[in-house]
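Visitor: These protein sequence lines map, in sequence, to chains A and B.
To convert, take the position in the first sequence, counting from 1, and add 8; that gives our numbering.
Under our numbering, the residue at position 209 of the second sequence is numbered 200, and the numbers go up by one with no gaps.
Just so you know, even glycine gets a beta-carbon here, dropped at the ideal spot from N, CA and C.
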Amino acid sequence: MHALSDTAPAPAGGRRAGVMAWLLLAPLGLWLVLFVVVPIAGLAVYSFCQRDDLGRVIYDFTWENYARVFDPIYLRILGRSVGYAAVTTVICVAVGYPVAWFIARQRSPLRERLLLLVMIPFWTSFLIRTYAWIAILKTEGLLNGLLQFSGVVTAPLSLLYTPTAVIIGLVYAYLPFMILPIYGSAEKLDNALVEAAHDLGAGPIRAFSEVIIPLTWPGIAAGILLVFVPAIGMFAITDLMGGAQVPLIGNVIQNQFFRARNAPFGAALGIVFTLMFIVTYALAHRRRRSSASP
Amino acid sequence: MPSAAVIEIREVTKCFGSFTAVDGVSLDVAAGEFLTLLGPSGCGKTTLLRMLSGFETPTRGALRIDGEDVTHLAPYRRNVNQVFQSYALFPHLTVAENIAFGLRMQKVPAAEIERRVGEVIDLVALGGFSARRPHELSGGQRQRVALARAIVPRPKVLLLDEPLSAPMTFVFVTHDQEEALTMSDRIAVFNRGRVEQIGSPSDIYHHPRTTFVADFIGEANLLRAEALSRTPAAVRLRVEGGLEVEIPAERWPSDWTSGVVSLRPEKILVSKRPIGDAAGFTARVTDELFQGALDRLHLQTESGTRLFALVANESALREAIHAGDTVWCGVHSDDVAVVGPA
Chain A
9 MHALSDTAPA PAGGRRAGVM AWLLLAPLGL WLVLFVVVPI AGLAVYSFCQ RDDLGRVIYD
69 FTWENYARVF DPIYLRILGR SVGYAAVTTV ICVAVGYPVA WFIARQRSPL RERLLLLVMI
129 PFWTSFLIRT YAWIAILKTE GLLNGLLQFS GVVTAPLSLL YTPTAVIIGL VYAYLPFMIL
189 PIYGSAEKLD NALVEAAHDL GAGPIRAFSE VIIPLTWPGI AAGILLVFVP AIGMFAITDL
249 MGGAQVPLIG NVIQNQFFRA RNAPFGAALG IVFTLMFIVT YALAHRRRRS SASP
Chain B
-8 MPSAAVIEIR EVTKCFGSFT AVDGVSLDVA AGEFLTLLGP SGCGKTTLLR MLSGFETPTR
52 GALRIDGEDV THLAPYRRNV NQVFQSYALF PHLTVAENIA FGLRMQKVPA AEIERRVGEV
112 IDLVALGGFS ARRPHELSGG QRQRVALARA IVPRPKVLLL DEPLSAPMTF VFVTHDQEEA
172 LTMSDRIAVF NRGRVEQIGS PSDIYHHPRT TFVADFIGEA NLLRAEALSR TPAAVRLRVE
232 GGLEVEIPAE RWPSDWTSGV VSLRPEKILV SKRPIGDAAG FTARVTDELF QGALDRLHLQ
292 TESGTRLFAL VANESALREA IHAGDTVWCG VHSDDVAVVG PA
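1) Looking at the strands, I want to know which residues DSSP matches up with residue 59 of chain B.
2) Quick test of your reading: residue 178 of chain A and residue 92 of chain A, contact by CB under 8 Å. State the CB separation rounded to the nearest angstrom.
3) Below 8 Å on the Cβ atoms is my contact criterion, and I expect residue 208 of chain A with residue 144 of chain B to pass it. Report the Cβ-Cβ distance as a whole number of Å.
4) Under 6 Å: does the beta carbon of residue 109 of chain B sit that close to some heavy atom of the ligand GTP?
5) Any beta carbon from chain B within less than 7 Å of residue 195 of chain A's own beta carbon?
6) Here's the rule: buried if 16 or more other CB atoms are within 10 angstroms of the residue's CB, otherwise exposed. What is residue 187 of chain A?
7) Step through the CB atoms of chain B and report whether any lies within less than 7 Å of the CB of residue 206 of chain A.
8) Taking 7 Å as the threshold (C-beta atoms), are residue 240 of chain A and residue 101 of chain A in contact?
9) With DSSP run on the structure shown, which of helix, strand or coil describes residue 271 of chain B?
10) Applying the 10 Å Cβ sphere with the 16-neighbour rule, what's the burial state of residue 55 of chain A?
11) Residue 193 of chain B: which of B:176, B:147 and B:183 sits nearest, CA to CA?
12) Using the C-alpha atoms, what's the distance from residue 152 of chain A back to residue 165 of chain A?
13) What residues in its chain sit with their C-beta under 7 Å from that of residue 206 of chain A, if we drop five residues either side in the sequence?
14) Closer than 8 Å is the cut-off here; do at least three beta carbon pairs connect the stretch 251 to 260 of chain A with the stretch 136 to 144 of chain A?
15) Whose CA, out of B:29, B:279 and B:148, lies closest to the CA of residue 20 of chain B?
16) Within a Cβ cutoff of 6 Å, which residues of the same chain sit near residue 282 of chain A, ignoring the five residues on either side of it in sequence?
17) For the stretch 213 to 238 of chain A, which residues have a beta carbon sitting closer than 8 Å to at least one beta carbon of chain B?
18) For residue 89 of chain A, name the three-state secondary structure that DSSP assigns.
19) In its own chain, which residues sit with a C-beta less than 8 Å from the C-beta of residue -7 of chain B, not counting the 5 before and 5 after it?
20) Got a sec? Which residues, its chain only, sit under 7 Å from residue 12 of chain A by beta carbon, not counting five neighbours each side?
21) Between residue 277 of chain B and the rest of its own chain, which residues show a CB-CB distance below 6 Å, the 5 nearest in sequence each way excluded?
22) If you measure between the beta carbons of residue 307 of chain B and residue 252 of chain B, is that distance less than 7 Å?
23) With contact counted as at least three CB pairs below 8 Å, one residue from each stretch, are the stretch 69 to 87 of chain B and the stretch 103 to 122 of chain B in contact?
24) Against chain B, with Cβ distances strictly below 7 Å, would residue 302 of chain A count as a contact?
25) Counting only the same chain and skipping the five closest in sequence on each side, list residues whose C-beta sits under 7 Å from that of residue 302 of chain A.
26) Please confirm if residue 9 of chain A has its CB atom under 7 Å from at least one CB of chain B.
27) Looking only at its own chain, which residues have a Cβ that is under 8 Å from the Cβ of residue 168 of chain A, when we skip the five neighbours before and after it?
28) In the stretch 83 to 98 of chain B, which residues sit with their C-beta less than 7 Å from some C-beta in chain A, listed in chain order?
29) Nearest CA to the CA of residue 116 of chain A: which residue from A:127, A:134 and A:195?
30) Please classify residue 117 of chain B as buried or exposed, where buried requires at least 16 other C-beta atoms within 10 Å of its C-beta.
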């Protein structure tokens, strides 16, 4: 490919096509600069600043914010956040995979309708849906009413403002992000491959572990990335459904900006958090590439 | 002999809703038999195959394989393997891993898996490709992997779903001319490292261009011929044994005075009397051999040339020809193939 482009004369339209491509990419580039690069650069600047007693940012260089990030209190919160996100991801895979597989194996009109059901929640505001869960889970809520009415429990259970409620909220919010990429992989999987596995003596479990899982792995991996990463930083659900009982890293960052009025420290937490992802992702990516080309 | 049947299909019917795909089929397939299900699409052949592999369950009727009722047996419990129409090779596994899959499922010891996979890879001539992934193979190589993968577990029954129908180019090497004639679109006849002739099976058979092709494909009387006269359109030949025939000029090189022609034995019309004014020669039947559908007549002309003819065997409507008879042998000029210089 390289040798070709070095020696072969560029086609007449080649230069113009290049200009065209840049023009088409310009809006995206502008968007990225305005809404990704500039804010992160701003955060980076803040993270090295100090603040006065009123919470105003003073542009005076300091490492202090970063030193505080590695305080055991915050590391513990970060660890807890990763744990919650991991549990959420595992539940999302366990629940989402069968759903995605089932939908992908349906015939055409039904398949699209089921897929629509998965996407319908996106049509309603995320906050409204979270409040709906509060209405279901609260002490005088729908679920307790139903359980008491049917006699399963005598006294209402305290469900809301517990770690369980946070996990329910996280799983509910992120499940579609797991189902959709797995569906994408499962739908592309040729059924003849599953039949071939059975034909060669693989029962349902072996066919699943030896053929179906490896071939839908790209979808699972994408789902994990789409669920795990944002779940770590999520603060609205933990605030609303956890009732500040279980602060996660997202809540801490949010609080630094809006309650503690310590934007520089919030910025430092955010920057460290982002760097952590970039490094993890780069390492995972490099390992995948080296294992793909032995 | 039902006891010898490996596959017993009994009154098998398969309905999809109101559509009856397979309607009361009963048939036996004996051990070692090669059975072809031939028919247009939608005729039910694929459904029957899928019931044998276990991917469909008969609505009514029973299937037995090797004496065992498999009507409701899951595909992975049947000693049956299939070569899928699309090959269905596992894209995430190498050639060797694909082939080993069935053996691994049977929990065959690793050393034996390695040995058997190695053997079958040699059998399908894919040595050196065992570490490749399916997408790195050509269509024909994938087909051989699919075949190897299906035969290595040593199934009782091998099912081939349209194994040759995928649009694909085949180069098939064989010494068996019947195989070549029936399976090929075109045949290249090789001799001593060179292509003697390339053409459709019918072209190769009817218009051999060399003595080797004429002799190798089917049977032929190879006879010397001399050019008697030549016009721009035709050459008049006198063929050894007395036949005089005119052939189109382009089939006889202008600088030849003599050459060799081929007469297919079944193209010689043997009769007691000349027919019309067709070209022919007389000969004596020296021997008559019964060959089932055909009689093989050994002929000798007055000049001593020996040749043979194949005629449909005797029936009440055909005049009887026996050894000792003197017969007229008619030959159409189209059936005189010029195969080489003298």
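Guide: Straight from the coordinates:
1) B:56
2) 7 Å
3) 7 Å
4) Summarising the ligand content, the structure contains no ligands, and the ligand GTP is consequently not present.
5) no
6) buried
7) Chain B contact via Cβ: present.
8) no
9) strand
10) By the 10 Å Cβ count, residue 55 of chain A comes out buried.
11) Cα-wise, what sits closest to residue 193 of chain B is B:176.
12) 7 Å
13) 215
14) no
15) B:148
16) none
17) 214, 215, 218, 219, 222 and 223
18) helix
19) Legend: pLDDT at residue -7 of chain B = 43, less than 50; position of this residue unreliable, value from coordinates given subsequently. Hits under 8 Å: -1 and 19.
20) In this prediction, residue 12 of chain A scores a pLDDT of 39, lower than 50, which makes its location untrustworthy; no coordinate-derived value is stated.
21) 289 and 291
22) no
23) Judged by Cβ distances under 8 Å, the stretch 69 to 87 of chain B makes contact with the stretch 103 to 122 of chain B, as three or more pairs qualify.
24) For residue 302 of chain A, the pLDDT reaches just 38, beneath the cut-off of 50, and the residue's location in the model is therefore unreliable, although a value from the coordinates is still provided. No, because no Cβ of chain B sits closer than 7 Å to the Cβ of residue 302 of chain A.
25) Caution applies to residue 302 of chain A, whose pLDDT of 38 falls short of 50 and renders its modelled position unreliable; the model cannot decide the point.
26) Since pLDDT at residue 9 of chain A reaches only 37, below the 50 mark, its modelled position is unreliable, and the value read off the structure follows with that caveat. For residue 9 of chain A, the answer is no, since every Cβ of chain B falls outside 7 Å of its Cβ.
27) 142, 145, 146, 147, 149, 249 and 251
28) 83, 92, 93, 96 and 97
29) A:195
30) Under this definition residue 117 of chain B is a buried residue.
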